[in-house]
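Below is one structure, written out as structure tokens; the observations come after it.
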Amino acid sequence: MMVDDSEQHDIRSRLQTGGQDVFAELFSSHRGRLKKLLLHHVDARLRTRTDLSDILQEAYMDAFRRIEHFLRKPDLSFYVWLRQITLQRLIDNHRAHLLAEKRSLKTEVSLSQSAYSSQTSRAWALQLIEAQLSPSQVVMHDEMVGRVERALESMDDTDREVLMLRHFEELKNNEVAEVLSLSPAAASNRYVRALKRLRDVVLSRSETQ
């Protein structure tokens with residue numbers, strides 16, 4: 016799946032000729048998104064021991080060392096490439112903490128899975144309700160949030176992940192497609208389907224108020 020559109024072509028040209036100064040500028044432009052990514056994925060048990068700024072710095076250094084790899088891969092977009100490296104640094108950080116505490120291999124492996132989990136599902140449900148309803152429709156109470164949580168839990172893993180990537184990481188459709196190895200059309204269709212399901216759940220409840 017080629018993502019080397021005009022914007023990506025410009026990024027590659029600048030990286031090839033501009034050195035570390037250009038790389039630093041480009042990384043800085045994505046720093047806010049990458050920090051938000053880490054906030055959604057950091058394990059709650061390790062949150063107080065995880066310095067997100069340190070992880071971003073490690074990701075920066077790792078990405079700069081591997082810039083030639085990125086330039087040889089026209090099927091990668093710059094942000095999605097940075098996202099992969101940043102998540103790997105977070106997983107390595109978690110693994111180091113858990114191994115130090117002699118946690119099980121099962122627990123360690125689970126860190127690499129989707130960001131969706133019970134520890135964040137309620138926060139996501141609240142944000143989805145706020146995003147889909149007008150102020151006059153919002154009725155924030157446990158029953159509605161619970162309905163949205165259950166709807167998320169009942170979804171196909173890929174549909175749910177598409178929704179998370181679009182709403183909480185604010186990825187573009189083409190970036191979502193790249194992350195999940197889908198065609199842009201398939202990513203868009205899955206997003207529309209998942210969003211409709213959630214809207215039906217929320218609106219059907221709000222209309223009875």
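Residue numbers (my numbering): 16 to 224.
In this text, a Cβ means the ideal position worked out from N, Cα and C, and glycines have one as well.
To the nearest angstrom, report how far apart residue 172 and residue 203 are at their CA atoms.
For residue 172 and residue 203, the distance between alpha carbons rounds to 15 Å.
My understanding is that residue 174 touches residue 201, with C-beta atoms under 8 Å, so please give their C-beta distance in whole angstroms.
Residue 174 to residue 201, Cβ: 11 Å. No contact.
When burial is assigned at 16 or more other CB atoms within 10 Å of the CB, is residue 176 buried or exposed?
Around the beta carbon of residue 176, 16 or more other beta carbons lie within 10 angstroms, which makes this residue buried.
Closer than 8 Å is the cut-off here; do at least three beta carbon pairs connect the stretch 81-97 with the stretch 60-70?
Look at the beta carbons and you see the stretch 81-97 not touching the stretch 60-70: under three pairs across the two are nearer than 8 Å.
Flag this pair as yes or no: are the beta carbons of residue 225 and residue 49 separated by less than 8 Å?
Coverage of the chain is limited to positions 16 through 224, which leaves residue 225 absent and any answer about it impossible.
Going by C-alpha distance, which of 26, 169 and 181 is nearest residue 40?
Taking each of 26, 169 and 181 in turn and checking the Cα distance to residue 40, the smallest one comes out for 26.
So what does DSSP say about residue 199, is it helix, strand or coil?
In this structure, residue 199 counts as helix in the three-state DSSP scheme.
Determine the burial state of residue 109: buried for a count of at least 16 other Cβ atoms within 10 Å of its Cβ, exposed for fewer.
That one is buried.
Counting only runs that start and end within the stretch 19-79, where is the alpha helix (DSSP H) found for 4 or more residues in a row?
Unbroken alpha helix (DSSP H) stretches of 4 residues or longer found wholly inside the stretch 19-79: 21-56, given in chain order.
For residue 171, the three-state DSSP class (helix, strand or coil):
Under the three-state reduction of DSSP output, residue 171 falls in the coil class, being neither helix nor strand.
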